[in-house]
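Numbering (the working numbering), first residue to last: 78 to 391.
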């Protein structure tokens, strides 16, 4: 009887443990703004809660973006996480073809390679393998999401949820109550339109909950002085980024998964117009959930703790 009880309790604990590790795919445009790097670091330091199935890169020079991801994974001993390239769109204009300063951090890195499978196929395969179990975290232009829709219109509906740093619903970049055409929307408006009309279960971390999340000098100094593999990488990428105070747009999408108590959301109907504005249709049936408020100080405190209290290395 004692043995049977032990077996049952062991199985129950294994089941509970499995439930705590949420499967995620991280779709990003590493190398443009610095916030993607902080978002990836946030994922890596929360693997007790998140099972990172893979990283996919989007927009412009997707191969150079992948190098940054691969070097960060290698340096922190996370080689097991696959990286898949999204469609290279660097030929669409000069901005998309920009060799970003952060790319120099991984310019000659060749110790890890992306997988052969495309980002589109990787996302579709995992959504079908784990239906209603995978959360996609989208923190770049939604080109890969549109490519998934084009290849399999039903695939994104298999995601448990999609958390997207995307849009401006009630406030803009300056945190004033006037909306902007947010970057991830306006650089690929056709893809954005497909995405919002996909029928997927999408939660938007727009400017309403991201534009106010600033990493001040005191906290940047703490990261610099921490002298771990991960914080050194973040500090190096920050220096190459070449600006002063980062706005941590992208980590907020992850924060909505890990710390839902820090947010308020609202179910609304949204559409993307031809200029890249995300418009609220108050009188229509909701097709999305948008973040409308955040406890930004507590959010920053929690992610700083995750960066400072870790020892990721090879």
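Backbone N, C-alpha and C fix where the C-beta goes; we use that ideal spot for every residue, glycine too.
Legend entry - Beta-carbon spacing of residue 158, residue 132 below 8 Å: Looking up residue 158 in the chain shown gives position 81. Looking up residue 132 in the chain shown gives position 55. Yes, Cβ-Cβ distance for residue 158 and residue 132 is below 8 Å.
Legend entry - Meets three-Cβ-pair contact criterion under 8 Å: the stretch 357-364 and the stretch 339-347: Contact between the stretch 357-364 and the stretch 339-347 is present: 3 or more CB-CB pairs across the two stretches fall below 8 Å.
Legend entry - Proximal residues to residue 162 (C-beta, below 7 Å), its chain only, five neighbours per side dropped: Here the question's residue 162 lines up with position 85 in the chain shown. These residues qualify, in order along the chain: 134, 139, 140, 143, 191, 195 and 196.
Inset, instruction - Leaving out five residues on either side along the sequence, give the residues of the same chain with a beta carbon under 8 Å from the beta carbon of residue 305. - result: In the chain shown, residue 305 corresponds to position 228, counting from 1. Here the set comprises 387, 388, 389 and 390.
Legend entry - Whole runs of the alpha helix (DSSP H) within the stretch 117-197, excluding any shorter than 4 residues: For the stretch 117-197, whole alpha helix (DSSP H) runs of length 4 or above, ordered along the chain, are 139-152.
Legend entry - Residue from 312, 273 and 260 with nearest C-alpha to residue 367: Looking up residue 367 in the chain shown gives position 290. Nearest C-alpha to residue 367: 273.
Legend entry - Segment contact, 8 Å Cβ cut-off, at least three pairs: the stretch 196-215 with the stretch 229-238: yes
Inset, instruction - Identify whether residue 366 lies in helix, strand or coil by the three-state DSSP scheme. - result: Residue numbering aside, residue 366 sits at position 289 when the chain shown is read from its first letter. Note: residue 366 maps to strand in three-state DSSP.
Legend entry - residue 107 burial status per 10 Å Cβ neighbour count (16 or more: buried): For the purposes of this step, residue 107 is taken as residue 30 along the chain shown, with counting starting at 1. Buried.
Legend entry - residue 245 versus residue 365: straight-line alpha-carbon distance, rounded: Taking the chain shown and counting its residues from 1, one reaches residue 245 at position 168. Taking the chain shown and counting its residues from 1, one reaches residue 365 at position 288. Distance between the alpha carbons of residue 245 and residue 365: 13 Å.
Inset, instruction - Measure the CB-CB distance between residue 284 and residue 249 and report whether it falls below 8 Å. - result: The residue you call residue 284 lines up with position 207 of the chain shown. The residue you call residue 249 lines up with position 172 of the chain shown. Here residue 284 is near residue 249, since their CB atoms are less than 8 Å apart.
Legend entry - Cα-Cα separation, residue 105 to residue 219: As a working note, residue 105 is residue 28 in the chain shown. As a working note, residue 219 is residue 142 in the chain shown. Cα to Cα, residue 105 sits roughly 9 Å from residue 219.
Legend entry - Sequence-distant residues of the same chain with beta carbon closer than 7 Å to residue 264, five excluded per side: Reading the chain shown from its first residue, position 187 is the one you call residue 264. Cβ within range, chain order: 136 and 218.
Legend entry - Collapsed DSSP secondary structure at residue 231 in the structure displayed: Position 154 of the chain shown, counting from 1, holds the residue named residue 231. Of the three classes helix, strand and coil, the one that applies to residue 231 here is coil, per DSSP.
Inset, instruction - Would you mind listing the alpha helix (DSSP H) stretches within the stretch 234-313 that are 4+ residues and don't spill past its ends, in chain order? - result: Here the runs fully enclosed are 260-263, 266-273, 284-287 and 294-303.
Inset, instruction - Find out if the Cβ-Cβ distance for the pair residue 224, residue 164 is shorter than 8 Å. - result: Start at 1 with the first residue of the chain shown, and residue 224 comes out as number 147. Start at 1 with the first residue of the chain shown, and residue 164 comes out as number 87. The answer is yes: Cβ separation under 8 Å.
Inset, instruction - Just the C-alpha distance for residue 167 and residue 326, rounded to the nearest angstrom, thanks. - result: If you number the chain shown from 1, residue 167 lands on position 90. If you number the chain shown from 1, residue 326 lands on position 249. Approximately 23 Å between the Cα atoms of the pair.
Legend entry - Limits of the alpha helix (DSSP H) - the one that residue 329 falls within: Taking the chain shown and counting its residues from 1, one reaches residue 329 at position 252. Note, residue 329: alpha helix (DSSP H), 326-335.
Legend entry - Range covered by the beta strand (DSSP E) that runs through residue 354: The count along the chain shown starts at 1 and reaches residue 354 at position 277. Here residue 354 belongs to no beta strand (DSSP E), and DSSP marks it neither H nor E.
Inset, instruction - Give me the Cα-Cα distance between residue 130 and residue 154, rounded to the nearest whole angstrom. - result: Taking the chain shown and counting its residues from 1, the one referred to as residue 130 is at position 53. Taking the chain shown and counting its residues from 1, the one referred to as residue 154 is at position 77. One C-alpha to the other measures close to 16 Å.
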